[in-house]
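Heads up: the sequence shown begins at 14 in the working numbering, then just goes up one per residue.
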Amino acid sequence: MVKIGILTGSTRDSRVNSQVAEWVKSMADKRGDADYELVDIKDYNLPRFNEPIPAIMSQDYTTPEAHIWSKKINELDGFIFVTPEYNKAITSGLKDAIDYLYLEWNNKAAGIVSYGSTLGVTATNDLRLILSVPKVAVVGPSVAMSLFTDFQDMREFSPASFHEDSLNKVLDDVVAWSTALKTIRNKVEAR
Numbered sequence: 014m015v016k017i018g019i020l021t022g023s024t025r026d027s028r029v030n031s032q033v034a035e036w037v038k039s040m041a042d043k044r045g046d047a048d049y050e051l052v053d054i055k056d057y058n059l060p061r062f063n064e065p066i067p068a069i070m071s072q073d074y075t076t077p078e079a080h081i082w083s084k085k086i087n088e089l090d091g092f093i094f095v096t097p098e099y100n101k102a103i104t105s106g107l108k109d110a111i112d113y114l115y116l117e118w119n120n121k122a123a124g125i126v127s128y129g130s131t132l133g134v135t136a137t138n139d140l141r142l143i144l145s146v147p148k149v150a151v152v153g154p155s156v157a158m159s160l161f162t163d164f165q166d167m168r169e170f171s172p173a174s175f176h177e178d179s180l181n182k183v184l185d186d187v188v189a190w191s192t193a194l195k196t197i198r199n200k201v202e203a204r
């Protein structure tokens, strides 16, 4: 069975992101088709990215937190990124978390659950582009939610029921692609 990490995309103290991630996890756990784990990037205390050598060139990380982050991402076969949209982009905390690593992301699948005043669509598109560099295959379906209709006072998450169907389509593809890409990673590692 593949292991899928549900990654939070915000580190703000006042974030609603963890509510959305917990909803994704609760829906995913009903399926029984993968081992789902909530991975809160805030727990890893990654500082602003400041490694002297980019991860694409070396895994010789100088930041102690990067080693712990590397181990966690290496354990996972795929991801569901739960991202808010800030100023038409993903958060700096999420971008830093991605930038710290390279090989650990390679040949894995991802799905995106976004939210914002305009459904987080630009953040989703940005994240698709960002993840293409470390060779993460982002599935086609996504979930896009509104701060105005899926949250009460932008603080309490209350998703419309139709999002469940969209989320299940994302999970179907992430599990299938993660399973397939695991064979590719095994061949690369065997070299």
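From the three backbone atoms N, C-alpha and C, an ideal C-beta is built for every residue, glycine too.
* To do: Would you check if there are 3 or more beta carbon pairs closer than 8 angstroms linking the region 92-109 to the region 28-41?
  => yes
* Determine the direct distance from the alpha carbon of Leu51 to that of Lys43, and round the result to whole angstroms. => 14 angstroms
* What is the residue span of the alpha helix (DSSP H) that Leu59 lies within? -> That residue, Leu59, is in no alpha helix (DSSP H); it is neither H nor E in DSSP.
* Below 8 angstroms, can you find three or more Cβ-Cβ pairs linking the region 81-94 to the region 189-202? -> yes
* To do: Assign Asp186 to one of two classes, buried (16 or more other C-beta atoms within 10 Å of its C-beta) or exposed (fewer than that).
  => buried
* Name the DSSP beta bridge partners of Val215, please? -> Residue 215 is absent from the structure shown; the chain starts at 14 and stops at 204.
* Close Cβ partners of Arg198 (< 6 angstroms) along its chain, the five nearest in sequence each way excluded -> Asn120
* Helix, strand or coil: how does DSSP classify Thr21 here? -> strand
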